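Chemist: Here it is, the structure, as structure tokens.
Residue numbers (the working numbering): 3 to 235.
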């Protein structure tokens, strides 16, 4: 099983620590046996890592941890070079990208995480059905990620999403893996897992001492929450 398969395995909830900005933090997360890290290539993010900075340390981590490149409307420009350099394993589309871009990545056998911000008015079966149909027509490795909705802000807000709605979405989407983000901290991680049963947690601010600087005590607590959660159905 490779690092991507291990990260998205349905056997038990996984953990992705997002907003990694330094090789020291990346290695520390590998040492903690965190399944995945996210590197944010959106220049407006507080956790921005430039492609040049990423290329200095990410290729050497290949095979040790799943490396997710997080893009906001700039994957077409940046992802090809990062993929060619073996700096990332998955592409996370966290902006307003269209299905054509997602399908293009799947056609190149690139694993994709598609971030979604659910609205209270969303018809969940229709949203789930859209991605099920897309994947049926364009096979590949696809996971979805549920994050808080904040106009003009793409992730990392620390805002909690509606876990009841998220849990319903995740149940409808099974067996398509769905990650849960948005306001996850060590104190609520176990409850979030219990109520929503996601494929994994995606945490940025909840695993930090300051933006982009990881707090390894918090990381340890989050790992315990995922490792002691009930197996996924």
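C-beta: ideal position from N, C-alpha, C; glycine also. Just so you know, these numbers come straight off a predicted model, no measurement behind them.
DSSP three-state call for residue 130: helix, strand or coil?
Modeler: Note: residue 130 maps to helix in three-state DSSP.
Chemist: I need the DSSP call for residue 47, collapsed to helix, strand or coil.
Modeler: Here residue 47 sits in coil by DSSP.
Chemist: Assuming residue 29 is part of the alpha helix (DSSP H), what are its boundary residues?
Modeler: Here the alpha helix (DSSP H) through residue 29 covers 25 to 33.
Chemist: Cα separation between residue 135 and residue 26?
Modeler: Each residue's alpha carbon lies about 41 Å from the other.
Chemist: Tell me which residue opens and which closes the beta strand (DSSP E) that residue 167 is part of.
Modeler: First-last for residue 167: 165 to 175, but that is the alpha helix (DSSP H), not the beta strand (DSSP E).
Chemist: Out of 165, 127, 109, 172, which has the shortest C-alpha to C-alpha gap to residue 143?
Modeler: Checking every option, the nearest Cα to that of residue 143 belongs to 109.
Chemist: Tell me the DSSP bridge mates of residue 180?
Modeler: Partner(s): 146.
Chemist: Taking Cβ to Cβ, would you say residue 163 is nearer than 9 Å to residue 183?
Modeler: Their beta carbons are under 9 Å apart, which means residue 163 touches residue 183 by this criterion.
Chemist: Is it buried or exposed for residue 226, if we count other Cβ within 10 angstroms and need 16 for buried?
Modeler: Result: exposed.
Chemist: If you reduce the DSSP assignment to three classes, tell me which class residue 54 lands in.
Modeler: In the structure shown, residue 54 sits in a helix (DSSP, three-state: H, G or I).
Chemist: Buried or exposed: residue 71, going by 16 or more other Cβ atoms within 10 Å of its Cβ?
Modeler: Buried, since its Cβ has 16 or more Cβ neighbours within 10 Å.
Chemist: Where DSSP assigns a beta bridge to residue 118, which residues make up the other side?
Modeler: DSSP, once it has assigned bridges, lists 148 as partnering residue 118.
Chemist: Kindly give me the distance between the Cβ atoms of residue 201 and residue 224, rounded to whole angstroms, as I take these residues to be in contact under 8 Å.
Modeler: With a Cβ gap of about 15 Å, residue 201 and residue 224 do not count as contacting.
Chemist: Please name the residue, chosen from 172, 205, 197, that lies closest to residue 12 on a Cα-to-Cα basis.
Modeler: Selected option, being the one with the closest Cα: 172.
Chemist: For residue 15, collect the residues of the same chain with a Cβ closer than 6 Å to its Cβ; drop the 5 residues on either side in sequence, then sort them by chain order.
Modeler: So the list reads 195, 202, 228, 231, once near-sequence residues are dropped.
Chemist: By the DSSP assignment, the alpha helix (DSSP H) with residue 206 in it spans what residues?
Modeler: First-last for residue 206: undefined, no H or E at that position.
Chemist: Are the Cβ atoms of residue 61 and residue 89 separated by less than 9 Å?
Modeler: Yes.
Chemist: Of the choices 76, 121, 69, whose alpha-carbon is the least far from that of residue 113?
Modeler: With distances taken between Cα atoms, residue 113 lies closest to 69.
Chemist: Could you pull out every residue in the same chain whose Cβ sits closer than 8 Å to the Cβ of residue 210, ignoring the five residues on either side in sequence?
Modeler: Same-chain partners within the cutoff: 21, 216, 217, 220.
Chemist: Tell me residue 239's beta-bridge partners as DSSP assigns them.
Modeler: The requested residue 239 is not part of the displayed model; the chain covers only 3 to 235.
Chemist: Please state whether DSSP places residue 185 in a helix, a strand or coil.
Modeler: The answer is coil: DSSP assigns residue 185 none of H, G, I, E or B.
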